[in-house]
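These protein sequence lines are chains A and B, in that order. So the first sequence is numbered by my numbering: it starts at 1110 and just counts up by one. So the second sequence is numbered by my numbering: it starts at 1110 and just counts up by one. All residues carry an ideal CB built from backbone N, CA and C; glycine is no exception.
Protein chains: 2
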Amino acid sequence: MPTPPSELDESQTRQRILDAAHRVFLTRGTAAARTQHIADEAGVNKALIHYYYGTKSALADAVFAHHVRTFLPRLFAILGDPDRYLEDKVHDVVREQMDFHCAHPYVAGYLAAELHAEPERLTRLVGAHGGPPLDVLARQLAVDAEAGLIRPISVQQFVATLIGAVVIPFVMRPIMTLFLGLEGERMQEFLAERRRVLPAFILAGLRP
Amino acid sequence: MPTPPSELDESQTRQRILDAAHRVFLTRGTAAARTQHIADEAGVNKALIHYYYGTKSALADAVFAHHVRTFLPRLFAILGDPDRYLEDKVHDVVREQMDFHCAHPYVAGYLAAELHAEPERLTRLVGAHGGPPLDVLARQLAVDAEAGLIRPISVQQFVATLIGAVVIPFVMRPIMTLFLGLEGERMQEFLAERRRVLPAFILAGLRP
DNA sequence: CCAAGTCTTAACCATACAGTTAAAGCGTAC
DNA sequence: GTACGCTTTAACTGTATGGTTAAGACTTGG
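Here is the structure:
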């Protein structure tokens, strides 16, 4: 039976290591991350990381899988909702994603970097299943197009454009900062403005 | 005076090393790239890489700087053109960027990954100058908005949305492939379709 | 042929890193 | 108080890697 030796029992320490791994992998990227950094960050030593998780790549896979399994589902939960109008979906996705990426600015860049470094890891870890259902959204777009409310557009094009528009400031932040003149405070204003402007832009793009 | 020992003179070998470095750094990323791979790819040995370029990071910086210095200028050459209508700019940017990224599918992901791994490198290598001029485009947007041709929008929002929409399929290709069901041939169709659909979507997004 | 520059060979060094191990410390439960 | 389990300490191994060096081979211009 487990015997907590201090105020930090086994599961808490396990979690602290995982949290530290999240921070280090997210900011440095898997290839450049060092297990020693993770140990320092967690306030433990390398031996304990090995004790709980075995190898670095197992830990890295856990972190990567976690973010893949939360990033897109959060998106598709809104887009796939059968009880929400298309217009509301656009507003909600933009708001939800902007909130999330402002709170966790490294996730988008991390995902892009990891996907680039080892594209196969995605299917290896989350399987080859087609992902969350887009049928609902597809039908919605078709119906609205039929009714003349929007121009016809494929789900893929719509989703890609929406994600791209929302995510780009976080994936290429340094480039945005430098070439669009968005240092420090200007970036905050830019993001606040984007929250307002983007839904209108996307919805206008759909209009017939 | 230079003495070419074979059909490959000094500058050619230098270039072959640089080309190999491009291939390796672009696909693996700087952190995971190995100088030995570059040597193998170039058909030379590590000693010669040192002979010409010194350190790995010097080579990596050269590759990174090259892509930064060609990626955005190519974009801004179109966007900043004073003798082109806004509508034409959108068409031209989409066409030009789609052509480029289809021909060089790793560049966008590489840039995103490198920017994430070491954001400071951008300003360190290309300086802190504000980048190519956006004044022309800004004025164009303002004038067209004044004339009631488009809704008012800031240059930053416009450019970010445009870049995001064009670049996202290449930056997050594995995610697009898996979750939008775009394996193999479907991706080609998707990109071909995007070429047609995107300019219309963006221009519709601008309409008042 | 000689000199100069290009390139290879085959080492080598120092370092960083992931992974491993053995022993002991230490708190809690019984 | 003792057994059990969490955790640390402090080493060590093996290997990968970046960087360096010295000697010589090859090619060509003069």
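With respect to VAL1216 of chain B, HIS1176 of chain B sits close: the two C-beta atoms are nearer than 8 Å.
Using beta-carbon distances, MET1207 of chain A does not count as an interface residue toward chain B, since no partner is under 8 Å. Shortest Cα-Cα distance from ALA1309 of chain A to any of B:PRO1261, B:PHE1288, B:ARG1233, B:VAL1252 involves B:PRO1261. Straight-line measurement puts the Cα of PRO1278 of chain B at about 12 Å from the Cα of PHE1267 of chain A. The segment 1186-1205 of chain A and the segment 1161-1168 of chain A do not touch, with fewer than three beta-carbon pairs separated by less than 8 Å. Contacts between ILE1262 of chain B and chain A, judged by CB atoms closer than 9 Å, involve VAL1306, PHE1310 in chain order. A direct Cα-to-Cα measurement between VAL1153 of chain B and ALA1140 of chain B gives close to 21 Å. Ranking A:ILE1158, A:ARG1143, A:ALA1142 by CA distance to the CA of ARG1123 of chain A puts A:ILE1158 first.
By the criterion of at least three beta-carbon pairs nearer than 8 Å, the segment 1134-1151 of chain A is in contact with the segment 1218-1226 of chain A. Excluding residues up to 5 positions away in sequence, VAL1203, ARG1204, MET1207 lie with their Cβ nearer than 8 Å to the Cβ of ARG1304 of chain B in the same chain. At a cut-off of 8 Å, the C-beta of GLU1196 of chain B has no neighbouring C-beta in chain A.
Between the C-alpha atoms of HIS1213 of chain B and GLU1298 of chain B there is a straight-line separation of about 17 Å. Neighbours of HIS1146 of chain A in chain B, taken as residues at a C-beta separation under 7 Å, are lacking, since the least C-beta distance is about 14 Å. Residue-level contact by beta carbon fails for LEU1250 of chain B and chain A, as no gap is shorter than 8 Å.
Taking the Cα positions, ALA1171 of chain B is about 33 Å away from ALA1301 of chain B. Within the same chain, and ignoring the five residues on either side of LEU1135 of chain B in sequence, the residues whose Cβ sits closer than 6 Å to its Cβ are TYR1215, TYR1219. Between the alpha carbons of LEU1312 of chain B and LEU1195 of chain B lies a distance of about 9 Å.
Near chain A, meaning a CB-to-CB distance below 8 Å, the residues of the segment 1126-1156 of chain B are ARG1137, GLY1138, ALA1140, ALA1141. In the DSSP assignment, TYR1194 of chain A falls outside any alpha helix (DSSP H), carrying neither H nor E.
Here the alpha carbons of GLN1249 of chain B and GLU1255 of chain B stand approximately 10 Å from one another. With respect to chain A, the C-beta atom of GLN1266 of chain B has a partner C-beta closer than 8 Å. A residue is called buried when at least 16 other Cβ atoms come within 10 angstroms of its Cβ; ASP1253 of chain B meets this threshold and is buried. Listed along chain B, no residue sits closer than 9 Å to GLU1294 of chain A by beta-carbon distance, the nearest being about 14 Å off.
Counting C-beta pairs with one atom in each stretch, the segment 1279-1286 of chain A and the segment 1228-1243 of chain A have fewer than three that are closer than 8 Å, which means they do not touch.
Relative to the Cα of PRO1182 of chain B, the nearest Cα in the group B:GLY1257, B:GLU1229, B:PHE1209 belongs to B:PHE1209.
In the DSSP annotation of this structure, the continuous segment of the alpha helix (DSSP H) that includes SER1166 of chain B starts and ends at 1165-1188. Under the 10 Å beta carbon count, ALA1186 of chain A is surrounded by fewer than 16 other beta carbons and is classified as exposed.
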